[in-house]
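Under mature numbering (1 follows the signal peptide of the UniProt record, and there is no 0), residues -24 to -1, 1 to 524 are what the sequence shown spells out, in order.
The C-beta atom is built at its ideal place from N, Cα and C for all residues, glycine as well.
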Amino acid sequence: MFGRWADLVAIAVLFNVDVRQAGATAVDYPLGPFFTVTVDVNSTSVGVANSNGEQVWKSASDRAFISASTGLTTITQSSGNFELSSKNVGTPCQNVTILGVTASDEHVGLNGSYGISVHRLWWNWEPDLTLYPSWAKWVPKLRADYDVRTMSYVNTLLTNVSTKSTGYNNSFYDIAASEGRFVTNSTAGDDHVWTITSGVGIDAGILDLSNQSTIDWFKTLMKEQYYSVPISGMMQDFGEYLAVDDSVSLSQGAVNPRHFHNAYPTVWATLLHEVVKDLGLADETIGFHRSAGTFSAKHTNLFWVGDQNIDESREDGLRAVVSSALHIGASGFAQTHSDVGGYTNILSAIGNYTRSAALLGRWGELSAFSDAVFRTHEGNIPQVNAQAYTNASTLAYHAYNARLFRSLKAYRLALQTEYQSYGWPVLRHPIVYSPNDTFARTVIDESFWVGEALYVVPVYDVVATSLVVYLPPLELDSHGVRLDNSTSPRYKHLWTSEEFEPGQTVTVDSPWGQPGVFVRWPVTEEEQVHLQGLWDFVEAEKATVLTA
């Protein structure tokens, strides 16, 4: 999330004014003819007053974002969106269903390219009461008042917080180091902690999970620091960071790191799963990983495909979502998702990775079909990215994609049942149903099946208004039974209902909000029931026009 100074920078950019923090207490900026924005640096709040000087809105915290256009201003904060008009009235903005929020911003501002701050996390696993002074009240209030759950973040590392000026009560790094709970550097001697660096001043040790005592210690820490409030799970990061060279020492040299490297992710997942089982929360929480071992699946709910670059590339951008999910599915893990819009920004002299509204919208379209959950991310330099809350157009596009995702709920649940029964992934490579087709054999990320009924071709050229699509012949069903050529199904274009014979290349329109989606037609009676929500969505959204 934005830090305090980044919020002020964002407002300065929008209103083309010079924001200076030193010596300031409150600064006013005109917002059209009717309103004034007040930025209070000391209390880190943003307020809006009408032409009579009456305050009509104030941010709940410094995390508020203001976007202005002719006749309309939208203010977005965690408690909701409000529109201000010439009537001096604040009214609810466009309705978007929110199931949960992820709070992982125990952050530090690092100096990046062009003087822009890059935000990283402090890996000291306790609530930062400088950022969230009312954390213990805020989490249950979101659930009780809005039915919005809160998720958090954890990983296998602990940061040395000696350079962190505020916001912590305990240094778990110091505790773990003094008790011998870290992987150590055997070449340094004296039980020196084997460290990694995640930015200037952020050095961390890796938990030695080959040691049962450390596992038990960290389970206790998790229960006390996380689940003392009713959070609903977390991103459970890393697991892959254990090095295998001769400098690494586990359990005082008793465990070979080369042998333990692939076991580490499973031990990590097991630890976290045991925490929620011990607390009776296994069915009330979700945890997602990006690393795994052969036996990790039964210990985790969900995987995500990592921190993609904010671009369309095959290597590690939008296209990598599909290739990664297909590989994960083929490895026996059915449920995956990505950060909608990507995560990794890069600003450099040789090129920048920043998020356009078009990329955000197209990524959301893909995730509506490809992902087991629909989760957004601001990116690691939020202020250079288009966000769902940037303006009315991005919000409308995001809301549309969220509704599209929700329309597939019944079908997605049916595919989860198939996974439990047969081990089939939700996303399936075209070769599953077209094993003898030359094109299907060469697919990397061009297309995929969601279950057996939906064939999806994402729009990777994000501004393209049409798609050239190859529809492979359909040879087998999910059980491997060969289809009768005389009754072989056809492809039905989701958005126009136009039908196509298999084995040909076709061109279809791909306006905003309409990736290439084809239904294997006719569907079964059971699929008809499960896909009714999607049919209803298509009918209800016929008049929707999106922009990016």
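A straight-line Cα-Cα distance of about 36 Å links L403 and G181.
For N377, the enclosing alpha helix (DSSP H) begins and ends at 368 to 383.
The beta strand (DSSP E) runs lying completely inside the stretch 412 to 492 and spanning 3 residues or more are 424 to 426, 430 to 433, 442 to 447, 466 to 469, 480 to 485, given in chain order. Between the alpha carbons of L510 and Q363 lies a distance of about 26 Å. Between the alpha carbons of R125 and K113 lies a distance of about 13 Å.
Counting C-beta atoms within 10 angstroms of its own C-beta, L371 has 16 or more neighbours from the protein chains shown and is therefore classed as buried. By the Cβ neighbour-count rule, F158 is buried, with 16 or more other Cβ atoms within 10 Å of its own. For T246, there is no enclosing beta strand (DSSP E); the enclosing alpha helix (DSSP H) covers residues 240 to 254. Between the alpha carbons of I178 and E501 lies a distance of about 56 Å. Contact between M198 and Y129 is absent: CB atoms are separated by about 12 Å, not below the 8 Å threshold.
Residue pairing for M211: DSSP places it in a beta bridge opposite Y129, F264.
Listed in chain order, the non-local C-beta contacts of E451 below 7 Å within the same chain comprise Y409, S410, P411, N412, R458, L459, local neighbours out to five positions each way being set aside. When secondary structure is reduced to three states using DSSP, D167 falls in the coil class, being assigned neither helix nor strand. The residue among F350, A301, D287, W101 with its C-alpha nearest the C-alpha of D315 is F350. Nearest to H237 by alpha-carbon distance, out of S186, G256, L335, F345, is S186. Taken through DSSP and simplified to helix, strand or coil, R338 comes out as helix.
Distance between D150 and E250, taken at the CA atoms: about 25 Å. Per DSSP, the unbroken beta strand (DSSP E) holding F279 starts and ends at 278 to 280.
In the three-state reduction of the DSSP assignment, V495 falls in the strand class, which pools E and B. In this model, T106 and S369 are separated by some 34 Å (Cα to Cα). In the three-state reduction of the DSSP assignment, T312 falls in the strand class.
Residue ranges of uninterrupted beta strand (DSSP E) with 3 or more members, entirely inside the stretch 95 to 160 and ordered along the chain, are 125 to 130, 133 to 135.
Below 8 Å, enough C-beta pairs join the stretch 331 to 339 and the stretch 370 to 389 to call them touching: three or more.
Shown here, T196 sits in a helix according to DSSP, grouped into three states. At the C-beta level, G492 and L443 come within 8 Å of one another. A Cβ-Cβ separation of about 7 Å places F345 in contact with L430 under the 8 Å criterion. Straight-line spacing of the CA atoms in K518 and W425 works out to 24 Å. The stretch 282 to 299 and the stretch 315 to 329 touch, with no fewer than 3 CB-CB distances between them shorter than 8 Å.
The Cβ atoms of V252 and T261 sit closer than 8 Å to each other.
Pairwise C-beta distances place the stretch 265 to 277 in contact with the stretch 214 to 231, as three or more of them are shorter than 8 Å. For G509, the three-state secondary structure derived from DSSP is helix. Judged by beta-carbon spacing, A348 lies within the 8 Å limit of T312, meaning their Cβ atoms are closer than that value.
The three-state reading of DSSP puts L403 in strand, counting E and B together.
The Cβ atoms of P116 and V220 do not sit closer than 8 Å to each other.
With 16 or more other CB atoms across the displayed protein chains lying within 10 angstroms of its CB, P401 is buried. In chain order, A344, F350 place their CB closer than 6 Å to the CB of F381, counting only its own chain and leaving out the 5 sequence neighbours on each side.
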